[in-house]
Amino acid sequence: MKHSFITRHRRKAGMAPGSLFYTGDEKELQTHMHAFVYNSESVEEADVARIGDIDPGTKGKICWLNVTGLNDTKTIQDIGQTYQIHPLVLEDILHVDQRPKLDDADDSLFMVLKMVTLPSGTDNPQWEQVSFIIRKNMVITFQELPNDAFDSVRKRLRENAGRIRKSGADYLAYALMDALVDHYFVFLEVLGERLESLEDRLIADPGNAGSGPGLIHHIYQLRREMIFLRRSVWPLREVVGGLEKTGSGVFQKTTLPFLKDLYDHTVQVMETVELYRDMLSGLRDNYLSALSNRMNAVMQVLTVIATIFIPLTFIAGVYGMNFEWMPELRLKWAYPAVWLIMCTAALFMVLYFKKKRWL
Amino acid sequence: MKHSFITRHRRKAGMAPGSLFYTGDEKELQTHMHAFVYNSESVEEADVARIGDIDPGTKGKICWLNVTGLNDTKTIQDIGQTYQIHPLVLEDILHVDQRPKLDDADDSLFMVLKMVTLPSGTDNPQWEQVSFIIRKNMVITFQELPNDAFDSVRKRLRENAGRIRKSGADYLAYALMDALVDHYFVFLEVLGERLESLEDRLIADPGNAGSGPGLIHHIYQLRREMIFLRRSVWPLREVVGGLEKTGSGVFQKTTLPFLKDLYDHTVQVMETVELYRDMLSGLRDNYLSALSNRMNAVMQVLTVIATIFIPLTFIAGVYGMNFEWMPELRLKWAYPAVWLIMCTAALFMVLYFKKKRWL
Amino acid sequence: MKHSFITRHRRKAGMAPGSLFYTGDEKELQTHMHAFVYNSESVEEADVARIGDIDPGTKGKICWLNVTGLNDTKTIQDIGQTYQIHPLVLEDILHVDQRPKLDDADDSLFMVLKMVTLPSGTDNPQWEQVSFIIRKNMVITFQELPNDAFDSVRKRLRENAGRIRKSGADYLAYALMDALVDHYFVFLEVLGERLESLEDRLIADPGNAGSGPGLIHHIYQLRREMIFLRRSVWPLREVVGGLEKTGSGVFQKTTLPFLKDLYDHTVQVMETVELYRDMLSGLRDNYLSALSNRMNAVMQVLTVIATIFIPLTFIAGVYGMNFEWMPELRLKWAYPAVWLIMCTAALFMVLYFKKKRWL
Amino acid sequence: MKHSFITRHRRKAGMAPGSLFYTGDEKELQTHMHAFVYNSESVEEADVARIGDIDPGTKGKICWLNVTGLNDTKTIQDIGQTYQIHPLVLEDILHVDQRPKLDDADDSLFMVLKMVTLPSGTDNPQWEQVSFIIRKNMVITFQELPNDAFDSVRKRLRENAGRIRKSGADYLAYALMDALVDHYFVFLEVLGERLESLEDRLIADPGNAGSGPGLIHHIYQLRREMIFLRRSVWPLREVVGGLEKTGSGVFQKTTLPFLKDLYDHTVQVMETVELYRDMLSGLRDNYLSALSNRMNAVMQVLTVIATIFIPLTFIAGVYGMNFEWMPELRLKWAYPAVWLIMCTAALFMVLYFKKKRWL
Amino acid sequence: MKHSFITRHRRKAGMAPGSLFYTGDEKELQTHMHAFVYNSESVEEADVARIGDIDPGTKGKICWLNVTGLNDTKTIQDIGQTYQIHPLVLEDILHVDQRPKLDDADDSLFMVLKMVTLPSGTDNPQWEQVSFIIRKNMVITFQELPNDAFDSVRKRLRENAGRIRKSGADYLAYALMDALVDHYFVFLEVLGERLESLEDRLIADPGNAGSGPGLIHHIYQLRREMIFLRRSVWPLREVVGGLEKTGSGVFQKTTLPFLKDLYDHTVQVMETVELYRDMLSGLRDNYLSALSNRMNAVMQVLTVIATIFIPLTFIAGVYGMNFEWMPELRLKWAYPAVWLIMCTAALFMVLYFKKKRWL
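Residue numbers (the working numbering), protein chains in the order written: chain L, 1 to 359; chain V, 360 to 718; chain A, 719 to 1077; chain R, 1078 to 1436; chain E, 1437 to 1795.
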């Protein structure tokens, strides 16, 4: 699958700010809502048909509402009205070419992030926009695609593993973001393996013209993936780094070390991307040098062969001339002598080229 | 249409600061004024012949005065006197090689921005300078060209769509800037499509010498457009980012989220430009590699052919010599033997080159 | 005229700090002083022979003393003593390889700037160092060369044009700096025209080897000019930007908008230089690509021709052999058959190369 | 030994934050604990079997606990419980793809650093993660590998050399970090020697195609080592620079000059890495230029030879034609005349090429 | 003389911090002390055998102690004890691969700088480390080599020239640093002259293959010198810039303008180095372009010649065939006709190549 890197904004051009319109590609997917309501004692899990059906955060419970598929503008608008979400925030949720960002309202945080997942059995990354609304007792997440990216969190919720059921909505939000960042590591590992296999191919067969065009194309494609990855990762770091500094009080003090750990992970993702870019550009230089080296070696050998035979052919041409008066032609030892001259000349040239290390 | 990137300042050199002189190319266009006066109940729209004819901001109404065509210095000066505009501001309005900037006076904001529009049915961007004067009840905009760039705002004003008629002059200014930034997205989309089509051509026909010179020229032209775009976009971001921090009180608190949204859009424009530059430079490298690869492959095959035939021709030349005493010439089996030798030599060379993967 | 970019400091090495010595090239020029003394009612203008002859700033008048030619150390020292100028400042005035800078004393500002002028009828820029000493009622300027760079200011002083005669010494200093920055625009325009003409030549004749060496040399020279220009412009911006922040009270509040305007101009100069550098490097890349493209195309066509004829020549060589027993030679249809074979082979190769798009 | 630069995170993906899992390669190594307990009068040194066996910091003594081999998660967990270490810190200790970092708790510092050692008799660097926990009377270090990196500190402890026994745990931590940074210098020296030997090879034999492919490969490998080194050194500097600014009071005032000295050393390591990168890229450019120069020289000489003989062969070919009416063939002086013509032509071409300096 | 850029630290590795060991190359030089004791009335100058012999700063006199040759660790240690110098400072003085730095103690400043001198009659720069200890009435300088770098200061001290005898130890320190920075200008001038002469050679003989390898080697060597120079100059600027901000009160207010002047000089050194680097990289690009241009021109001409003669040789080959039935051979006008055909073909090709501008 090819990325289209064209920013799609035109569809909105001319509309009033705040108009709701899903700008992504997944237009056939139905909008689907799934909710967890839990505290340390119990957990309830249900698909939600109408937004009015769930009762978030009563009796000190935490509610996580996960919305997948953003095409049903009506449902999104209902959610917006039920939970008093600002129209520009709703627009950002649907406008999936959004840059990762963090908005900090009084008692609510809004985040847009990019998630990359690798559908099982394939190496093609699937990019989607994930939006978070984080409140005191509630987390709402909006995904473009239904996938298993947050399944590790769901499992921990169901099994009451770790501290997730004992903590608040802020820890849930952290756990979801941590899962999201983990998927970057999975993708980085795939990229790293592709990079290493390119490197192995280059070392095994430096400057092989046969595999050449393929190799440069792979390098170019990898570079493209890196550019996309980098474009998501830099603002991701800003967003995670900004979380600690929000004054909204959504994140409690006990969750801060986890945020710091998450921030360290995003920095590591970023540095690995930069490292890979550096490796890739070195690989590219090395490949081009090897290719040019090989080409030079080939041309040189071939040219040397031609250069040896051209003067010999000239000599043969001379004695192929039909002049009546060519005294050499009559001499009995002339023919072997010419052979001797030609062999001597060839030998001399070979030795000279050897000495000059041209051969 | 070719951009001229020469900065035209000479015409002004030697004049006293504050002299009025239009430095742009559109010298034939007549200066034309158009005014909207509105509040949430009513809207009046009229062409304005003399600046004295309009009565801005009476009875709590908002006035938007749009001036197109900057050649009529007299009219500009009249506007300046009527609304007490600083001479240096008037000079900046007419000096259309101005860098985008924001000036913050006591109760008035002055902005110079660059707008790019695509006249319908063409891909040639049209750049013009747009200046804004924003006051409590009034917005004055100065355009070099009469075009439909602000028609979406006009439509919303006439149809009372969205919140524009219910809000103040600051929201009007925001809506106009938002329209201006939207045109950058339209232009970016055109550039993105051109970039993708170049990429497709390159993948379809890597290193095709026939299409080659054209491709590199397209890449160069696209790069040029990017340089111009970038030059406008960087200060645009500064200007929009600076709006929030002005102490002039022109922008009310309710408009600030919209300004932040606008700022996010300008950042996105900027990052897309950087992304495209990155893609373009990768594309260029890839193209040059493919070209050089292809050239190498061609030269190699051709040189190999020559290298095989040159020794054979030498052998033929030897037996074309006219020496009287060449015993081989008499032997009946000599001719087929020479053929055999030549075929064997050719076969050996072909196999050797194959093994070395030179063929 | 070639720039010498060698920094000349040696002449001073070993001398005590504060020693006066002119380090520039214009050693033959006589030092010459010219003074304007004016207020809004009257203006007096005179050449000054001895520094004691002028009476600066009496009766609320403003005095502008312009010194051209810095070779006469004695006169410079006299000025220094008369107006209590710090020895290090005098040294900086004479040390004309100085970097542009701003020194802020109690009631006096000292500035070193670089000025570029284009002597009429030529495109060779002339660089000189211009130093400013700005006090409450007085401006002293030191130029290396007598030229017409400040004539526009003189004209406005004589004709009482604009606000110059009504304002103080700070506005005079601003007007002089504005004239200096205007000359950068004139120079930029010349550079821009040279850049555009190079671009036109390249588009008209991409990769023309004939004009090639010339083109690359022009690009190199233009790049050199840019490097010099850039070296002056970056600190110029710092100096002008620093003027607003001086605490010396030399610049009055009414002059500040003009300083801001001047600062915007220096930023524009700087950005234009960066733009030109960017254009130039793109032009260079494009030129080298075009050259290499053209070279490749030529070599390819030529090699293809050789490759077609070499096998044919081999066939002809075979039937030029003198073996007694070559049955083909006797056959009547052999000669036309060989022609047929050779033509078929040639045709086949041409078609093959066409198909491969090598021809 | 090849570095694998793939970031290994996947094993953890899906686990709850705080799960303990060693992510490194040294899975066979047994976890081993060694403790020093000392003050200025006495020093005790012992292998520790169970963590409960040591009594840290009683009676004002300092305790250094060194743990090598991180595979035994149980032991690490015991240490964590005994000394109340935060679960995220324990996770960072085991997660050995960690970026160097500094965490600052109330009365305890946690550091992750990278150490490079050169096993004796080899030039292959061995990278490992070293974690420090520094408290008032105790330092705990975690190494992946058992090696002699800290032997210089152990020796000074045993011999009561320098001030180490007289100072507190903070000086011990400094001494350990100083030893760690010293190993970077040892590695830098090896890299510097490899760089110099490459330079010498290049100067001795510029553009030697024989040694060529090897040279570029060595350059590429050295560049790779630099990239890894740089990746560790940049955050190392941050960590050491951050130590002075911690508010935990672990570092006493008398130790601060030593920290500053250590910081200067890390800056020097960093600048040397940058210098080597710069040298290496210069070396690479120079090598490629030399290679291309040499190739050009070879091709030129060979092409000149071919160019001289091709016209001569043509002349010989003409007089090898078998036309019945070729009057020149009958002339007695024709054959020597042809020789004369051919020699003259050859001489002329040689002189022309010499004049043009093509030969 | 070749720089060795290997950082020598290993000799120290394993030693306790604060151990004294000279790491430089000048191991044979004897340590030598020379002292000036002066005030505005008198000056005494003497070689010092034992450190106890001098009586610094009694009776308000200023003492300058200059130590050359750092091999005698004992003497250095004596100086350290006599003047209470911190052991880490002494170590930095002897560790001559030190990075330039400034340490600010209570009533004492410690500086490490790099000095470059050009021994008379040679262009080989000699680098050494110079350390300064500056106190209220005393300056101690440590040089690796005995040379005349500070002779200009000594002369001014002896002759009571300028303000040096009338000022304090801070002015003496400034004068010494000023002399040190002056030597950078001398070196820069030498580098500038070498750069200009390379440029002249390139303009005089663009792309001359004969002088080629030499030119690229000179460029590479100059680049190397720049890298070393730059490595010293960047921290030099930091050190001089930091002097003004020290709170130690060593520098009096009257000396501050001189420090600012010195700082401007170091900035100028730094910018000149950057300018030269820029020029050098432009020169390198230009040289490589010229070389490649020239190569292309040569190859093209040679290939064109070959391409013209190869088809002609084929025609001659055809009529050298020995078929019995070749009717053309019998025709009397056939031979001149073949000549005509061959000349026409050659002329046509020459014209075609001329038109295509390949010749």
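We treat Cβ as the ideally placed atom computed from N, Cα and C, and that holds for glycine.
Rounded to the nearest whole angstrom, the CA to CA distance from Ala1611 of chain E to Asn1475 of chain E is 16 Å. Only residues of its own chain outside the window of five on either side were considered, and among them Phe36, Tyr38, Val43, Ile164 and Arg165 have a CB closer than 7 Å to the CB of Leu157 of chain L, listed in chain order. L:Leu191 is the residue among L:Phe323, L:Asp104, L:Leu191 and L:His95 whose C-alpha sits nearest the C-alpha of Asn124 of chain L. For the stretch 1703 to 1719 of chain E, the set of positions with a beta-carbon nearer than 7 Å to some beta-carbon of chain A reads Val1703, Gln1704, Glu1707, Thr1708, Leu1711, Asp1714, Met1715 and Gly1718 in chain order. Met829 of chain A places its beta carbon less than 7 Å from that of Phe850 of chain A.
Under the three-pair Cβ rule at 8 Å, the stretch 1368 to 1381 of chain R does not count as touching the stretch 268 to 286 of chain L. For Glu1122 of chain R, the enclosing beta strand (DSSP E) covers residues Val1120 to Val1125.
As for any alpha helix (DSSP H) of minimum length 4 sitting wholly inside the stretch 1537 to 1618 of chain E, the runs are 1587 to 1595, ordered along the chain.
Excluding residues up to 5 positions away in sequence, Asn398 lie with their Cβ nearer than 7 Å to the Cβ of Gly419 of chain V in the same chain. Under DSSP, Leu1501 of chain E takes part in a beta bridge, and its partners are E:Ala1471 and E:Ile1576. For Lys612 of chain V, no alpha helix (DSSP H) encloses it, and the DSSP letter there is neither H nor E. Ranking A:Leu1077, A:Ile937, A:Lys1072 and A:Asp824 by CA distance to the CA of Glu911 of chain A puts A:Ile937 first. In the DSSP assignment, Met1426 of chain R falls within the alpha helix (DSSP H) that extends over Ala1411 to Lys1432. Distance check between Pro478 of chain V and each of V:Asn506, V:Leu453 and V:Thr500 places V:Asn506 closest, using alpha-carbon atoms only. Annotation: Ile1741 of chain E to Thr1384 of chain R spans about 7 Å, alpha carbon to alpha carbon. Relative to Asp1277 of chain R, the option among R:Phe1264, R:Asn1370, R:Tyr1364 and R:Ser1185 whose CA is nearest is R:Tyr1364. About 6 Å separates the beta carbon of Leu1171 of chain R from that of Leu1147 of chain R, a gap short enough to meet the 8 Å contact definition. As the crow flies, the alpha-carbon of Gly411 of chain V is around 28 Å from that of Asp384 of chain V.
Here Pro235 of chain L is near Arg99 of chain L, since their CB atoms are less than 7 Å apart. According to the DSSP assignment, Asp810 of chain A belongs to the alpha helix (DSSP H) that extends over Pro805 to Leu812. Remark: C-beta atoms of Thr1031 of chain A and Thr1780 of chain E do not approach each other more closely than 7 Å. Boundaries of the alpha helix (DSSP H) harbouring Lys433 of chain V: Thr432 to Thr441, taken from the DSSP string. With fewer than 16 neighbouring CB atoms inside 10 Å of its own CB, Phe707 of chain V falls in the exposed class.
One Cα belongs to Val785 of chain A, the other to Ile575 of chain V, and the distance between them is close to 54 Å. Interface flag for Tyr1412 of chain R against chain L is set, since a Cβ pair is found closer than 7 Å. Selection V:Leu447, V:Ser467, V:Leu561 and V:Arg596 evaluated against Val628 of chain V yields V:Arg596 as nearest (Cα-Cα). Taken through DSSP and simplified to helix, strand or coil, Ser1633 of chain E comes out as helix. For the set L:Glu144, L:Arg294 and L:Gln143, the Cα lying nearest the Cα of Asp205 of chain L is the one of L:Arg294. Neighbours of Arg1407 of chain R in chain L, taken as residues at a C-beta separation under 7 Å, are given in chain order as Glu324. Of the residues assessed, Tyr352 of chain L falls on the exposed side of the cut-off, its CB having fewer than 16 other CB atoms within 10 angstroms. For the stretch 1013 to 1039 of chain A, the set of positions with a beta-carbon nearer than 8 Å to some beta-carbon of chain V reads Asn1014, Ala1015, Met1017, Gln1018, Thr1021, Val1022, Ala1024, Thr1025, Ile1028, Pro1029, Thr1031, Phe1032, Gly1035, Val1036, Gly1038 and Met1039 in chain order.
A straight-line Cα-Cα distance of about 40 Å links Leu557 of chain V and Tyr530 of chain V. Considering only E:Ile1512, E:Glu1580, E:Gln1688 and E:Cys1499, the residue with the shortest C-alpha distance to Glu1464 of chain E is E:Glu1580. At a cut-off of 7 Å between C-beta atoms, Asp456 of chain V does not count as an interface residue with respect to chain L. With its beta carbon at least 7 Å from every one in chain E, Tyr756 of chain A lies outside the interface.
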